[in-house]
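Take a look at the structure below.
In the numbering used here, the protein residues as written are 30 to 192.
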(Lines of atoms letter the chains of each structure in order from A and count residues from 1; the text may use other names and numbers.)
(Lines give C-alpha, C1' and ligand atoms only; values in the text may rest on other atoms or scores of the structure.)
Protein backbone atom coordinates (compact mmCIF):
# COMPACT_ATOMS: atom_id res chain seq x y z
CA UNK A 1 0.00 0.00 0.00
CA UNK A 2 1.43 3.34 -1.01
CA UNK A 3 1.34 6.26 1.43
CA UNK A 4 -0.60 6.60 4.63
CA UNK A 5 -3.72 8.31 5.94
CA UNK A 6 -4.00 10.60 8.96
CA UNK A 7 -7.64 11.71 9.17
CA UNK A 8 -9.89 12.21 12.21
CA UNK A 9 -13.64 12.92 12.41
CA UNK A 10 -15.00 13.97 15.82
CA UNK A 11 -18.30 15.36 17.02
CA UNK A 12 -18.59 16.47 20.61
CA UNK A 13 -19.14 19.33 23.01
CA UNK A 14 -16.67 22.03 23.99
CA UNK A 15 -15.31 21.61 27.51
CA UNK A 16 -14.27 25.26 27.74
CA UNK A 17 -14.47 28.50 25.79
CA UNK A 18 -11.92 28.73 22.94
CA UNK A 19 -8.63 30.43 23.77
CA UNK A 20 -7.56 32.49 20.74
CA UNK A 21 -4.02 33.84 20.45
CA UNK A 22 -2.01 35.26 17.56
CA UNK A 23 1.43 34.28 16.31
CA UNK A 24 4.05 37.01 15.82
CA UNK A 25 3.14 36.81 12.12
CA UNK A 26 -0.50 37.65 12.91
CA UNK A 27 -2.01 34.18 12.34
CA UNK A 28 -4.80 33.26 14.75
CA UNK A 29 -4.51 30.00 16.69
CA UNK A 30 -7.16 28.61 19.05
CA UNK A 31 -7.14 25.74 21.50
CA UNK A 32 -10.38 23.95 22.31
CA UNK A 33 -11.21 20.95 24.44
CA UNK A 34 -13.75 18.49 23.06
CA UNK A 35 -15.73 15.89 25.03
CA UNK A 36 -16.75 12.98 22.80
CA UNK A 37 -19.33 10.55 24.21
CA UNK A 38 -19.50 6.85 23.41
CA UNK A 39 -22.72 5.07 24.34
CA UNK A 40 -22.93 1.30 24.45
CA UNK A 41 -24.95 -1.50 26.00
CA UNK A 42 -23.22 -3.66 28.61
CA UNK A 43 -24.65 -7.18 28.28
CA UNK A 44 -23.23 -8.33 31.64
CA UNK A 45 -24.98 -5.63 33.67
CA UNK A 46 -27.87 -5.34 31.18
CA UNK A 47 -27.52 -1.55 31.25
CA UNK A 48 -26.77 1.25 28.86
CA UNK A 49 -23.41 2.86 29.65
CA UNK A 50 -21.44 5.83 28.45
CA UNK A 51 -17.77 6.76 28.35
CA UNK A 52 -16.34 10.18 27.59
CA UNK A 53 -13.06 10.87 25.80
CA UNK A 54 -11.49 14.31 26.12
CA UNK A 55 -9.57 15.56 23.08
CA UNK A 56 -7.48 18.72 22.65
CA UNK A 57 -7.93 20.39 19.25
CA UNK A 58 -5.88 23.18 17.65
CA UNK A 59 -7.46 25.47 15.05
CA UNK A 60 -5.56 27.86 12.75
CA UNK A 61 -6.32 31.00 10.74
CA UNK A 62 -9.86 32.13 10.09
CA UNK A 63 -11.23 28.91 11.59
CA UNK A 64 -9.61 29.87 14.93
CA UNK A 65 -11.11 33.37 14.72
CA UNK A 66 -14.59 31.98 14.00
CA UNK A 67 -14.28 29.59 16.95
CA UNK A 68 -13.35 32.47 19.24
CA UNK A 69 -16.30 34.55 18.05
CA UNK A 70 -19.06 31.95 17.95
CA UNK A 71 -18.18 28.92 20.09
CA UNK A 72 -18.72 28.67 23.84
CA UNK A 73 -18.44 25.95 26.44
CA UNK A 74 -21.05 23.25 25.84
CA UNK A 75 -21.54 24.03 22.16
CA UNK A 76 -21.56 21.00 19.85
CA UNK A 77 -19.07 21.01 16.99
CA UNK A 78 -17.94 18.63 14.26
CA UNK A 79 -14.18 18.57 13.62
CA UNK A 80 -12.30 17.09 10.69
CA UNK A 81 -8.57 17.01 11.16
CA UNK A 82 -5.37 15.07 11.62
CA UNK A 83 -3.48 13.66 14.57
CA UNK A 84 -0.26 15.32 15.70
CA UNK A 85 2.14 14.14 18.40
CA UNK A 86 3.78 16.91 20.41
CA UNK A 87 6.93 16.00 22.39
CA UNK A 88 8.91 18.03 24.94
CA UNK A 89 11.18 17.72 27.97
CA UNK A 90 9.46 18.34 31.31
CA UNK A 91 11.31 21.23 32.96
CA UNK A 92 10.56 20.00 36.49
CA UNK A 93 11.40 16.30 36.13
CA UNK A 94 13.60 16.33 33.03
CA UNK A 95 11.56 13.45 31.59
CA UNK A 96 10.46 13.23 27.98
CA UNK A 97 6.73 14.02 27.64
CA UNK A 98 4.33 13.70 24.73
CA UNK A 99 0.72 14.45 23.94
CA UNK A 100 -1.52 13.46 21.05
CA UNK A 101 -3.76 16.23 19.73
CA UNK A 102 -5.96 16.92 16.71
CA UNK A 103 -5.11 19.71 14.28
CA UNK A 104 -8.39 20.95 12.80
CA UNK A 105 -8.66 21.16 9.03
CA UNK A 106 -12.42 21.82 8.91
CA UNK A 107 -14.96 22.83 11.56
CA UNK A 108 -18.76 22.68 11.45
CA UNK A 109 -20.93 24.23 14.16
CA UNK A 110 -23.76 21.89 15.10
CA UNK A 111 -27.01 22.62 16.90
CA UNK A 112 -27.90 25.68 18.95
CA UNK A 113 -26.08 27.22 21.85
CA UNK A 114 -24.94 24.09 23.67
CA UNK A 115 -27.79 24.01 26.14
CA UNK A 116 -27.22 27.58 27.29
CA UNK A 117 -30.54 28.87 25.98
CA UNK A 118 -29.07 30.47 22.89
CA UNK A 119 -31.16 30.37 19.77
CA UNK A 120 -29.89 29.68 16.33
CA UNK A 121 -29.07 26.69 14.33
CA UNK A 122 -26.15 24.80 13.08
CA UNK A 123 -24.82 24.64 9.62
CA UNK A 124 -21.40 25.59 8.47
CA UNK A 125 -20.34 29.18 8.39
CA UNK A 126 -18.97 29.99 4.98
CA UNK A 127 -15.20 29.88 5.13
CA UNK A 128 -14.93 28.16 8.51
CA UNK A 129 -12.21 25.72 7.72
CA UNK A 130 -12.67 25.56 3.98
CA UNK A 131 -9.61 25.41 1.79
CA UNK A 132 -6.20 23.87 2.20
CA UNK A 133 -5.20 22.32 5.51
CA UNK A 134 -3.29 24.67 7.77
CA UNK A 135 0.28 23.40 7.90
CA UNK A 136 1.59 25.55 10.71
CA UNK A 137 1.56 28.73 12.70
CA UNK A 138 2.94 31.06 10.04
CA UNK A 139 1.22 29.56 7.02
CA UNK A 140 -0.79 32.68 6.27
CA UNK A 141 -3.92 30.52 5.92
CA UNK A 142 -7.10 32.49 5.23
CA UNK A 143 -10.15 30.53 4.21
CA UNK A 144 -12.16 33.51 3.02
CA UNK A 145 -15.00 35.57 4.36
CA UNK A 146 -17.32 34.51 7.13
CA UNK A 147 -21.07 34.85 6.89
CA UNK A 148 -22.92 33.02 9.69
CA UNK A 149 -26.01 31.00 8.87
CA UNK A 150 -28.38 31.02 11.79
CA UNK A 151 -30.83 28.62 10.24
CA UNK A 152 -33.82 30.84 9.41
CA UNK A 153 -35.88 27.69 8.77
CA UNK A 154 -33.59 26.36 6.08
CA UNK A 155 -31.38 23.35 6.39
CA UNK A 156 -27.81 22.72 5.39
CA UNK A 157 -27.26 21.31 1.89
CA UNK A 158 -26.80 17.56 1.87
CA UNK A 159 -23.08 17.83 1.09
CA UNK A 160 -22.68 19.97 4.26
CA UNK A 161 -24.21 17.42 6.67
CA UNK A 162 -21.39 15.63 8.56
CA UNK A 163 -23.20 12.31 8.89
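We treat Cβ as the ideally placed atom computed from N, Cα and C, and that holds for glycine.
Coil, strand or helix - residue i by DSSP
i: residue 95; result: helix
i: residue 54; result: coil
i: residue 90; result: helix
i: residue 79; result: strand
i: residue 85; result: strand
i: residue 34; result: coil
Cβ neighbours of residue i in the same chain (closer than 6 Å, five flanking residues each side left out)
i: residue 113; result: 130, 132
i: residue 44; result: 62, 64
i: residue 42; result: 64, 103, 105
Where the beta strand (DSSP E) containing residue i begins and where it ends
i: residue 10; result: Because the chain is modelled from 30 through 192, residue 10 falls outside the range shown and cannot be assessed.
i: residue 73; result: No beta strand (DSSP E) holds residue 73; DSSP gives it neither H nor E.
i: residue 236; result: With the chain covering only 30 through 192, there is no way to say anything about residue 236.
i: residue 110; result: 105-118
Contact set for residue i: own chain, Cβ-Cβ below 8 Å, skip 5 residues either direction
i: residue 37; result: 108, 109, 110, 111, 112, 131
Neighbourhood of residue i by C-beta distance below 7 Å, restricted to the same chain and skipping five residues each side
i: residue 78; result: 69, 71
Inter-stretch contact (C-beta, 8 Å, three-pair minimum) for the region 116-126 and the region 69-84: no
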